[in-house]
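Asks: Provided herewith is a single structure, encoded as structure tokens, for subsequent inquiry.
Residue numbers (the numbering used here): -12 to 186.
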């Protein structure tokens, strides 16, 4: 079991993955296996759940989880460092720092209620981006930020089956690996009072 400062106990949602935490600089590193992803293709391709999330049990109250996300080394299409929610194979969501087919790092979000609703957000011009998940009652909010202080609204949604785990994931659906780094990890009770005012 990987222990990360200031977080509840962490466990893998699927098979054990490759992770390490450096307490000196507060960095969590996840390395994806080749070809792994989560996808319930809306066009009808077979579901894919080869990636594994390192997460903790979803609290029964509002909370936020955020981190600065960076991918090191050469990148391949759709590789990503991810904050994610998992209930089961038909109900999950992820907020990604993903590499597009056009060769641009982007914020991408996927919400899955049987089929995946996949949408691209902003292109990221920096080496890293801050991502945030917030529980708001029965709903969930995704945000992204350049500096971890001013947050851009990405998406608000519900999952038909409430998620049981929240945490960190690395995916490499078309590559040999993805070296995702998570720093400035923050976990706190409560959600933003206004989801669209930058707080």
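In this text, a Cβ means the ideal position worked out from N, Cα and C, and glycines have one as well.
Between the Cα of residue 182 and the Cα atoms of 135, 128, 158, which residue gives the shortest distance?
Replies: Residue 182 has its Cα closest to that of 128, out of 135, 128, 158.
Asks: Counting only the same chain and skipping the five closest in sequence on each side, list residues whose C-beta sits under 6 Å from that of residue 55.
Replies: 115, 117, 170, 171
Asks: Whose C-alpha, out of 63, 77, 71, is nearest the C-alpha of residue 102?
Replies: Closest option to residue 102, Cα to Cα, is 77.
Asks: I'd like the span of the beta strand (DSSP E) that includes residue 27, first residue to last.
Replies: Run containing residue 27: none; DSSP gives neither H nor E here.
Asks: Fully enclosed by the region 148 to 173, which beta strand (DSSP E) runs are 3 residues long or longer?
Replies: 152 to 158
Asks: Report the residue from -11, 122, 168, 86 whose alpha carbon sits nearest the alpha carbon of residue 12.
Replies: 168
Asks: May I have the straight-line CA-CA distance separating residue 35 from residue 45, to the nearest angstrom?
Replies: 23 Å
Asks: Using only CA atoms, which one of 113, 153, 179 lies nearest to residue 140?
Replies: 179
Asks: Relative to the C-alpha of residue 52, which candidate in 65, 110, 72 has its C-alpha closest?
Replies: In this structure, 72 is the residue among 65, 110, 72 with its C-alpha nearest to the C-alpha of residue 52.
Asks: DSSP state of residue 108, grouped into three classes?
Replies: strand
Asks: Exposed or buried, residue 80, counting other C-beta atoms within 10 Å across all chains shown (16 or more means buried)?
Replies: buried
Asks: Tell me the rounded alpha-carbon separation between residue 120 and residue 130.
Replies: 7 Å
Asks: Under three-state DSSP, which class holds residue 65?
Replies: coil
Asks: What whole-angstrom Cβ distance do residue 16 and residue 3 have, given they're in contact under 8 Å?
Replies: Actually they are not in contact, since the Cβ atoms of residue 16 and residue 3 sit about 15 Å apart, beyond 8 Å.
Asks: Tell me whether the beta-carbon of residue 67 lies closer than 7 Å to the beta-carbon of residue 85.
Replies: yes
Asks: Could you tell me the boundaries of the beta strand (DSSP E) in which residue 94 lies?
Replies: 92 to 100
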